[in-house]
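In mature numbering (1 follows the signal peptide of the UniProt record, and there is no 0), the protein residues as written are -21 to -1, 1 to 170.
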């Protein structure tokens, strides 16, 4: 019985805090700087984004929409030919290793290219194209130092409170934006 009461209490706390949007941004920024940025600029990340950008640079919106439609159709299907390369392999393993090292604070990681298409992810995402969402538009679309903090919200699929910290990934040599990363964090850690 204690668990439903705890969730109800957290819901009331969350409801009270949503009126003060951005209340936890300082804590999330500190977490980003102390626990994420170091590994988010690892060469494996930079190389993966750079390689995918070379492939997707010429994609138009129709191609992107087609890929996104294919991805959505493959979620939960035995044909996951578009999804599998994103959630398997060395880059996805690297993301999951850093997620595990966070001791439960990180619930999901998505790495995106310049178009907002998934490069790698810690698990299956609901869509392939993030370019129309704040996690990409308010980071890569803004510039090299851009960060977007999502509100702490109850996630139905994971049955927990979480927030998304999204930020631009830059080329270490030039400082130019090359992609973005979203790190979903356990919301209760910041409440």
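Idealized CB from N, CA, C, for every residue including glycine.
The beta-bridge partner set that DSSP reports for residue 161 consists of 89, 145. Taking the Cα positions, residue 98 is about 5 Å away from residue 90. Linking residue 82 to residue 169 through their CA atoms gives a straight-line distance of about 14 Å. For residue 140, the three-state secondary structure derived from DSSP is strand.
When the Cα atoms are used, residue 37 and residue 23 turn out to be separated by approximately 23 Å. Using a Cβ-Cβ distance cut-off of 8 Å, the segment 99 to 115 and the segment 61 to 77 are in contact, since at least three pairs of beta carbons, one from each stretch, lie closer than that value. Counting along the chain, residue 134 sits inside no alpha helix (DSSP H); it lies in the beta strand (DSSP E) bounded by residues 132 to 134. Residue burial is scored here from C-beta neighbours: residue 92 has at least 16 other C-beta atoms within 10 angstroms and is therefore classed as buried.
DSSP places residue 128 within a strand segment (E or B) once states are collapsed to three. Around the beta carbon of residue 87, 16 or more other beta carbons sit within 10 angstroms, so the residue counts as buried.
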